[in-house]
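Take the sequence shown: its letter number 259 is residue 308 in the numbering used here, and every next letter is one higher. A virtual CB, placed ideally from N, CA and C, is assigned to each residue, including glycine. Below is one structure, written out as structure tokens; comments come after it.
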Amino acid sequence: MKRRDFLAASAVLSLLAASPANAEKKVAATKHNAKSTAKPKARRVVRRPAPAEIQAVPQTESRNVISLPDEPLAQWRTYDLRSTILLNRINGKARLWLPLAQYKDTPWERSLGHNWQGNFHNAGIYRDPVAEMEVFYADWAEGVTNPQLQIISQIATQDRHFDITRRGAVAERTEVLRRCLQSTDFVPIDGIVRNTAERAIGRIKDPVAQGKAIYEWVVENTLYDPTMKRVGNVNIGSMLDSGNLSGRSADIALLFVALCRALGIPARPVFGLRIDSSRLFGSLGVSGNLSTAQHCRAEFYTPGYGWIPVDPSDVRKAIRDERLSIGDPKLTVLKKLLFGFWEMNWISFNVAQDVSLRGSAGKTLPFLIYPEVETIEGRFDSLDSSRFSYQVSASRVY
50 MKRRDFLAAS AVLSLLAASP ANAEKKVAAT KHNAKSTAKP KARRVVRRPA
100 PAEIQAVPQT ESRNVISLPD EPLAQWRTYD LRSTILLNRI NGKARLWLPL
150 AQYKDTPWER SLGHNWQGNF HNAGIYRDPV AEMEVFYADW AEGVTNPQLQ
200 IISQIATQDR HFDITRRGAV AERTEVLRRC LQSTDFVPID GIVRNTAERA
250 IGRIKDPVAQ GKAIYEWVVE NTLYDPTMKR VGNVNIGSML DSGNLSGRSA
300 DIALLFVALC RALGIPARPV FGLRIDSSRL FGSLGVSGNL STAQHCRAEF
350 YTPGYGWIPV DPSDVRKAIR DERLSIGDPK LTVLKKLLFG FWEMNWISFN
400 VAQDVSLRGS AGKTLPFLIY PEVETIEGRF DSLDSSRFSY QVSASRVY
């Protein structure tokens with residue numbers, strides 16, 4: 050998308066709904082060891098102060114395509130993300146894992162620190178550099194009747210833009226690109242997946258244009274279905290065989306990733322959480338309890354441009370929730386915008402697939418986007434409200 054077209058699309062979308070650098074960081078990842086008592090214990094990790102250059106800059110220019118600046122101004126927003134977890138009917142010891150915001154600073158997201166407290170026996174953060182993720186864990190000893198935890202994370206975000214007129218991105222490491230070309234248990238890249246990808250791109254040779262063709266194919270052929278059970282249970286090849294391309298955001302994003310990888314284009318899902326309202330459509334934002342606001346996006350890699358963001362599932366979600374017809378001009382603009390743009394009312398957790406939780410006796414997970422709990426009885430469903438109370442809220446700091 051040309052820069053001028055992108056800016057025009059951004060301005061138009063700002064009218065569709067009411068508007069409701071790279072600093073070095075160190076995150077303490079230490080254990081908290083003490084006997085469990087009825088009085089909650091606290092562990093504080095000092096937050097990294099937000100540097101002056103990421104303070105929010107008030108937007109003063111009028112929302113008019115002609116008067117927009119050549120480049121969007123930096124609009125950093127800082128949030129406190131508060132997660133409260135209570136476990137019920139626990140027999141014996143218990144361990145919890147919770148995905149945290151991506152620890153690597155990017156031009157669109159920064160993790161500024163974490164604080165936690167609860168009646169745990171032991172708690173801390175571990176980092177998996179291969180999977181590029183940080184995970185909080187907490188252990189409760191036998192005899193703790195009401196395991197509980199509260200963790201507050203501070204994150205700064207600003208919208209992510211891709212500009213096709215600019216080349217020269219830093220090349221990604223070879224081992225990262227190699228991982229983003231591999232098949233997984235849920236993301237095969239041969240057979241019907243490869244055949245579908247080849248039909249989607251036709252005779253297109255340019256890798257950016259190939260990625261866009263796959264994005265458009267996914268948008269045109271999938272359906273967003275929030276009634277689906279927890280995602281990650283369906284193999285992408287089986288999905289294509291069945292002809293039923295309905296699913297939630299991770300299903301749609303993983304379909305895009307599989308089709309890209311089948312053509313030799315490095316691609317990966319990005320798992321995260323919506324944390325604020327949207328300037329695009331009301332259905333693409335959240336407020337209140339965010340415990341079910343998990344959302345998966347995707348990105349693909351091309352030499353010279355680096356990682357290009359896409360969000361095909363939000364196009365399908367807007368079609369469903371906003372009741373947009375295929376010929377609706379709002380849909381035309383949204384489809385163009387969400388190839389190369391992420392509205393950062395959302396934070397990323399990780400890009401990990403086939404995740405093995407440290408210290409777990411359970412099976413490998415297709416990805417880590419929900420809290421996970423394991424006891425002597427095994428791992429139980431963290432969406433089971435009778436055993437697991439999970440409340441998440443985000444408040445804008447500045």
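Remark: C-beta atoms of Glu371 and Ser336 do not approach each other more closely than 7 Å. Thr351: member of the beta strand (DSSP E) spanning 343-351, first to last residue. In the three-state reduction of the DSSP assignment, Leu135 falls in the strand class, which pools E and B. Residue pairing by DSSP places Ser442 opposite Arg131 in a beta bridge. Rounded to whole angstroms, the separation of the alpha carbons of Ile134 and Val193 is 14 Å.
Of all C-beta pairs linking the segment 231-241 to the segment 339-359, fewer than three are shorter than 8 Å, placing the two stretches out of contact.
Positions of the beta strand (DSSP E) runs, each at least 3 residues long and wholly inside the segment 242-307, cannot be given because no such run exists. Residue environment analysis places Arg216 among the exposed positions, since fewer than 16 neighbouring C-beta atoms fall within 10 angstroms of its C-beta. Take the alpha-carbon of Val404 and the one of Tyr419: they are about 12 Å apart.
In the structure shown, Ile375 falls within a coil segment according to DSSP collapsed to helix, strand and coil. Boundaries of the alpha helix (DSSP H) around Ser362: 361-370.
The beta carbon of Ile301 sits closer than 6 Å to those of Thr271, Pro361, Ser362, all from its chain and outside the five residues before and after it, given in chain order.
Val382 carries a helical assignment under DSSP once its states are collapsed to helix, strand and coil.
Cβ contact annotation for Leu312 (same chain, cutoff 6 Å, sequence separation greater than five): Ala246, in chain order. For Lys153, same chain residues with a beta-carbon under 7 Å away, outside a window of 5 residues either side, are Glu181 in chain order.
Here the alpha carbon of Gly353 sits roughly 8 Å from the alpha carbon of Val219.
Between Met288 and Thr413, the alpha-carbon positions lie close to 21 Å from each other.
Contact between Ser298 and Asp274 is ruled out by a C-beta separation of about 10 Å, above the 8 Å threshold.
Taking Glu191 as the centre and dropping the five residues before and after it, the same chain places the C-beta of Gly141, Lys142 closer than 8 Å to its C-beta, in chain order. A contact is defined here as three or more CB-CB pairs under 8 Å, and the segment 386-396 meets this definition with respect to the segment 202-216.
Burial state of Arg176 is exposed, judged by a 10 Å Cβ sphere holding fewer than 16 other Cβ atoms. At the C-beta level, Pro318 and Leu308 stay beyond 7 Å of one another. Minimum Cα-Cα distance from Glu426 among the listed residues Tyr350, Ser434, Leu417, Ser409 corresponds to Ser409. Sorting Pro196, Thr214, Lys261 by C-alpha distance to the C-alpha of Phe437 places Pro196 at the top.
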